[in-house]
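S.K.: Under the working numbering, read the sequence shown as residues 1 to 151, first letter to last.
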Amino acid sequence: MGEARPASRRRRGAVLDTARSLAAPAGVALAASAGCIAINWADPTTPGGIIPECPSKLLFGVNCPGCGSTRMVYSLIRGDLGGAIAYNALGVAALILVLWSYGAWTAGLLRGRFVRSWQHLRWAPLLVLSVVLAWFIARNIPVEPFVSLRV
Numbered sequence: 001m002g003e004a005r006p007a008s009r010r011r012r013g014a015v016l017d018t019a020r021s022l023a024a025p026a027g028v029a030l031a032a033s034a035g036c037i038a039i040n041w042a043d044p045t046t047p048g049g050i051i052p053e054c055p056s057k058l059l060f061g062v063n064c065p066g067c068g069s070t071r072m073v074y075s076l077i078r079g080d081l082g083g084a085i086a087y088n089a090l091g092v093a094a095l096i097l098v099l100w101s102y103g104a105w106t107a108g109l110l111r112g113r114f115v116r117s118w119q120h121l122r123w124a125p126l127l128v129l130s131v132v133l134a135w136f137i138a139r140n141i142p143v144e145p146f147v148s149l150r151v
């Protein structure tokens, strides 16, 4: 007959299982932190800095939906929410949704079961595509108040 494992061994196994399940979210958090450190160090708000201009703006003269995102992240790192919204308001909203998804993913791994989040809803991909397309169009309309959305 099989012998039951001692309680201390069971706890150690549970801790190892939890640590293994959190390896991927920890890796993502580490990569995001490294990216934030690099953005903070590079200071994208400095003209002529080491971070190049957006390729779509440089090549085609249009603001893509992501234009200003690096400066938005820099502003958020510095605690300037107003500046972040001015650089890329859609990016701030997207970051909130990404953090929500990350939290649901991590909670699901900790609980050992799937945790549903916004991106699992049936209409989410179409809605995200529509909002990004509308943001792209609105940022490139050459009349006020749309010109103020450009960065």
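C-beta atoms are modelled at their ideal positions from N, C-alpha and C, and glycine is treated no differently.
DSSP three-state label for L110, please.
M.R.: Note: L110 maps to helix in three-state DSSP.
S.K.: Does N63 come out as helix, strand or coil in the three-state DSSP assignment?
M.R.: Coil, per DSSP.
S.K.: Using a Cβ-Cβ cutoff of less than 8 Å, which residues in the same chain neighbour T106 once the five nearest sequence positions on both sides are dropped?
M.R.: Answer for T106: L22 and P25, listed in chain order.
S.K.: Can you tell me which of the three DSSP states L129 falls into?
M.R.: If DSSP states are grouped into helix, strand and coil, L129 belongs with the helices.
S.K.: Among T70, R139 and F114, whose alpha-carbon lies nearest the alpha-carbon of A32?
M.R.: Of T70, R139 and F114, the residue nearest in Cα terms is T70.
S.K.: Quick one: using the 10 Å Cβ neighbour count with 16 as the cut-off for buried, is P155 buried or exposed?
M.R.: What is shown of the chain runs 1 to 151, which leaves residue 155 out entirely.
S.K.: Could you tell me which of Q119, K57, A124 and I39 sits nearest to I49, measuring between CA atoms?
M.R.: Residue identity check: residue 49 is Gly in the sequence provided, not Ile. Per the Cα distances, I39.
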